[in-house]
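Each residue of the sequence shown is one higher than the one before, counting from 10 in this note's numbering. From the three backbone atoms N, C-alpha and C, an ideal C-beta is built for every residue, glycine too. Remarks on the structure that follows.
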Amino acid sequence: MGSSPFPKPKRATCPGCGAEQPAQLLRHHVCDWWRWLDHQVDLRRDELDGFERELGDYLTSTRGRFDVWYAERERGRPAQLGHSKRL
Ligand SMILES: [Zn+2]
Numbered sequence: 010m011g012s013s014p015f016p017k018p019k020r021a022t023c024p025g026c027g028a029e030q031p032a033q034l035l036r037h038h039v040c041d042w043w044r045w046l047d048h049q050v051d052l053r054r055d056e057l058d059g060f061e062r063e064l065g066d067y068l069t070s071t072r073g074r075f076d077v078w079y080a081e082r083e084r085g086r087p088a089q090l091g092h093s094k095r096l
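Below, the structure is given as structure tokens:
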């Protein structure tokens with residue numbers, strides 16, 4: 010025997026950080042934060058100028074300040090279980 014039931018491992022690209030890995034490993038792959046960020050910046054380079062301007066507007070708006078406050082507040086909590094919403 011000795012023949013693997015699996016063919017050669019397929020390579021797959023992580024949609025988050027762009028790392029190329031055997032598809033089987035990708036299921037357990039966790040993106041490196043800096044690599045992920047680099048990849049996201051590459052994908053959005055054209056949008057970034059406008060995005061930074063919009064983000065500045067957003068963060069100084071009432072709504073943006075609320076969202077930042079809310080995000081800070083949520084971050085201090087343990088993850089909640091069973092908050093799936095179904096119709
Ligand atoms: Zn990744």
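Could you check whether the Cβ of residue i sits closer than 7 Å to any heavy atom belonging to ligand 1?
i	result
W45	yes
A21	no
H38	yes
G73	no
A28	yes
K25	Before going further, note that residue 25 is Gly rather than Lys in the sequence given. Correct: G25 has its Cβ closer than 7 Å to ligand 1.
Give the secondary structure of residue i by DSSP, where H, G and I count as helix, E and B as strand, and everything else as coil.
i	result
R20	strand
G85	coil
Mark residue i as exposed unless 16 or more other C-beta atoms lie within 10 angstroms of its C-beta, in which case mark it buried.
i	result
H37	exposed
Is there at least one Cβ from chain D nearer than 8 Å to residue i's Cβ?
i	result
W78	Here there is only one protein chain, and chain D is not present.
Please go through the segment 20-54 and give each complete alpha helix (DSSP H) segment of 4 or more residues, from N-terminal end onward. 32-35
Is there contact here, the segment 25-35 with the segment 43-61, by at least three beta-carbon pairs under 8 Å? yes
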